[in-house]
Amino acid sequence: MQDLEEQLAHLTRTVEDLSDVVTSQAGEIDMLTRRVALLMQREAEREADGGSHIYGGPEKPPHY
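If you count by my numbering, then the sequence shown holds residues 270 to 333, one letter each, in order.
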């Protein structure tokens, strides 16, 4: 009987730990989803502007 109670205690602890991990990951997923939506909106606005804000990187010096 004591072995069953011990197993139950371990399983209960494991379930609580996993629940904490899932809750944390859900928050991260929500944050990342909002960020991706914002980035997609910004990119759509850039495309609508005709790509006038595209960064081409540093220009080559005249001797190239």
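By construction, the Cβ of each residue, glycine as well, lies at the ideal position given by its N, Cα and C atoms.
Through-space distance from residue j to residue i, alpha-carbon basis
i	j	result
Leu-287	Pro-327	48 Å
Asp-313	Asp-289	In the sequence as displayed, the identity of residue 313 is Ala instead of Asp. Straight-line Cα distance between these residues: approximately 36 Å.
Gly-296	Ala-278	27 Å
Leu-301	Thr-281	30 Å
Arg-304	Ile-298	10 Å
Gln-310	Ala-317	11 Å
Val-291	Asp-272	28 Å
Glu-294	His-332	It should be pointed out that residue 294 corresponds to Gln in this sequence rather than to Glu. So the alpha carbons of these two residues sit roughly 52 Å apart.
Extent of the continuous alpha helix (DSSP H) run through residue i
i	result
Met-309	271-317
Chain-order list of residues whose beta-carbon lies under 8 Å from that of residue i (same chain, five-residue window excluded)
i	result
Gln-276	none
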